[in-house]
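Number of protein chains: 2
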Amino acid sequence: MSRADEFIDANRQYASQFTQGDLPMPPARQVAVVACMDARLDVYRLLGLGLGEAHVIRNAGGVVTDDVVRSLLISQRLLGTTEIVLIHHTDCGMWTFKDDAVKADIEKETGHRPAFALDAFDDPYADVRQSIRRLKAVPYLPNGEAISGFVYNVAHGTLEPVSEA
Amino acid sequence: MSRADEFIDANRQYASQFTQGDLPMPPARQVAVVACMDARLDVYRLLGLGLGEAHVIRNAGGVVTDDVVRSLLISQRLLGTTEIVLIHHTDCGMWTFKDDAVKADIEKETGHRPAFALDAFDDPYADVRQSIRRLKAVPYLPNGEAISGFVYNVAHGTLEPVSEA
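These protein sequence lines map, in sequence, to chains H and U.
Here the first sequence stands for residues 3 to 167, numbered as in the working numbering.
Here the second sequence stands for residues 3 to 167, numbered as in the working numbering.
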């Protein structure tokens, strides 16, 4: 049985108890969260988010890429969010490799070398600051100044604010 | 009070009851989910996902971009996932605009035109198929064939499989 089949079964149960089918498209709390894809981050629970309250953007690392900027641009310009919250975390997979080595392996195996950065980093606190700097350099986010950054501790479930300095 | 402050308060409650601090980094169910950032998709609940079970990648639309390929590459090559599940949904913000018009507005207001696609689409079923085609064209995903696509219904909480044809 594939995971997709398991998800279909689990969703039947969810849908049978679903009662929040009348929520509007724009996030009620006017916030966009950018977090790592790590399986140990249940973003809705760890932030106390209810259904319909926040955009949730996730990728490897929670790093700010062009795709994150694209998503935030749509979030802010078309769907009214005014604040950005970044979440990196402890014990992140992004610390376990270097771009050059992984790309060389891929090229050796397949003949193809990805034309984009994998964007590995060593320090989640420094990378939250890097992500904030990247966002502040974007000239077309209407609310590009209201940004907070955190490191989530996967061992303790806690959220640690990252100062910008 | 900013949303970030509200999240800090909510997280104190979450952390005080947190008991799953010993989960490994690789997702237990070896699956990566790619879903839209829409606030009405609580991906863990609607798929019956437990903490530590799946990578969750989210962006505007749930479309396959270079950043999604980057995240899946890291997910599959470095963290052992072997299956991809794509989730688009009904009533999506991506149907409400056209790239050209939004980019022209941005250029008029700020002088800057984004150098990337916003990737608006009209039909979530067609765009799930487009996303599957994009993934299958990537030459360096070790498990790039095991892909399922769904459209989630935000009014009913249901998940509808999208056939590839």
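Note that CB positions come from ideal geometry on N, CA and C, so glycine has one too.
**Study point:** Endpoints, the alpha helix (DSSP H) within which arginine 115 of chain H is located
**Key:** From DSSP, arginine 115 of chain H is part of no alpha helix (DSSP H); its letter is neither H nor E.
Review point. Under 7 Å between C-beta atoms, does phenylalanine 20 of chain U make it to chain H?
Key: yes
Check your understanding: Hey, methionine 39 of chain H and histidine 57 of chain U are a contact pair by Cβ (cut 8 Å); roughly how many whole angstroms apart?
Key -> 4 Å
**Study point:** Exposure of aspartate 44 of chain U, with buried meaning 16 or more beta-carbon neighbours within 10 Å
**Key:** buried
Review point. Which runs of the alpha helix (DSSP H) fall wholly inside the segment 113-158 of chain H and span at least 4 residues, in chain order?
Key: 126-138
Check your understanding: Taking three-plus beta-carbon pairs below 8 Å as touching, is the segment 92-107 of chain H in contact with the segment 152-167 of chain H?
Key -> yes
Practice item. Taking all protein chains shown into account, decide if lysine 105 of chain U is buried (16 or more other Cβ within 10 angstroms of its Cβ) or exposed. Key: buried
**Study point:** Whole-Å CB distance - valine 87 of chain H paired with valine 164 of chain H, under 8 Å assumed
**Key:** About 11 Å separates the two Cβ atoms, so there is no contact after all.
Point to revise | N-terminal and C-terminal residue of the alpha helix (DSSP H) that leucine 74 of chain U is part of | key: 68-81
Check your understanding: Assuming alanine 122 of chain U contacts lysine 100 of chain U under a Cβ cut-off of 8 Å, what Cβ separation, rounded to an integer in Å, is found between them?
Key -> 6 Å
Practice item. Would you mind giving the Cβ-Cβ distance between leucine 143 of chain H and glutamine 78 of chain H, rounded to the nearest angstrom? I have them listed as a contact below 8 Å. Key: 6 Å
Point to revise | Alpha-carbon to alpha-carbon, glutamate 55 of chain H and leucine 74 of chain H | key: 15 Å
Review point. Taking just the CA atoms, how far does arginine 47 of chain U sit from alanine 17 of chain H?
Key: 10 Å
Exercise for review: Would you mind telling me which residues of chain U sit closer than 7 Å to valine 87 of chain H, beta carbon to beta carbon, in chain order?
Suggested key: Arg5, Ala6, Phe9
**Study point:** Within 9 Å of chain U by C-beta, residues of the segment 96-113 of chain H in sequence order
**Key:** Met96, Thr98, Phe99, Val104, Asp107, Ile108, Glu109, Glu111, Thr112, Gly113
Exercise for review: May I have the straight-line CA-CA distance separating valine 140 of chain U from arginine 42 of chain H, to the nearest angstrom?
Suggested key: 27 Å
Practice item. Kindly say whether histidine 57 of chain H, judged by its beta-carbon, lies nearer than 7 Å to any beta-carbon of chain U. Key: yes
Review point. What number of angstroms, rounded off, separates the C-alpha of serine 4 of chain H from the C-alpha of valine 33 of chain U?
Key: 10 Å
Check your understanding: Would you call the CB atoms of aspartate 129 of chain U and asparagine 61 of chain H closer than 7 Å?
Key -> no
Practice item. Following the continuous alpha helix (DSSP H) through alanine 12 of chain U, name the residue where it begins and the one where it ends. Key: 5-18
**Study point:** Residue from H:Leu161, H:Thr160, H:Asn145, H:Asp7 with nearest C-alpha to threonine 83 of chain H
**Key:** H:Asn145
Review point. Residues in its own chain within less than 7 Å of glutamate 8 of chain U by CB, not counting five upstream and five downstream?
Key: none
Exercise for review: Just the chain U side, please: which residues come within less than 8 Å of tyrosine 46 of chain H by C-beta, in chain order?
Suggested key: Asp44, Tyr46, Arg47
Exercise for review: Note down the Cα distance separating valine 65 of chain H from threonine 160 of chain U, rounded to an integer number of angstroms.
Suggested key: 31 Å
Review point. In this structure, does DSSP put valine 45 of chain U in helix, strand or coil?
Key: helix
Practice item. Could you please give me the residues that DSSP links to arginine 60 of chain H through a beta bridge? Key: H:Ala37, U:Arg60
**Study point:** Proximal residues, the segment 120-143 of chain H versus chain U, C-beta separation under 9 Å
**Key:** Leu120, Asp121, Ala122, Val140, Pro141, Tyr142
Practice item. Could you pull out every residue in the same chain whose Cβ sits closer than 7 Å to the Cβ of alanine 127 of chain U, ignoring the five residues on either side in sequence? Key: Correcting the residue type first, residue 127 of chain U is tyrosine in the shown sequence and not alanine. Excluding positions up to five away in sequence, the list reads Val153, Val164.
Check your understanding: Along chain H, which residues have their Cβ under 8 Å away from the Cβ of valine 156 of chain U?
Key -> Gly23, Leu25
Check your understanding: Residue range of the beta strand (DSSP E) that proline 163 of chain U falls in?
Key -> 160-164
Review point. When the Cα atoms are used, what is the spatial distance from alanine 103 of chain U to lysine 110 of chain H?
Key: 43 Å
Practice item. Give the residues of chain U in contact with valine 164 of chain H, contact being defined as C-beta atoms less than 9 Å apart. Key: Within chain U, no residue comes near valine 164 of chain H; the closest Cβ sits about 11 Å away, beyond 9 Å.
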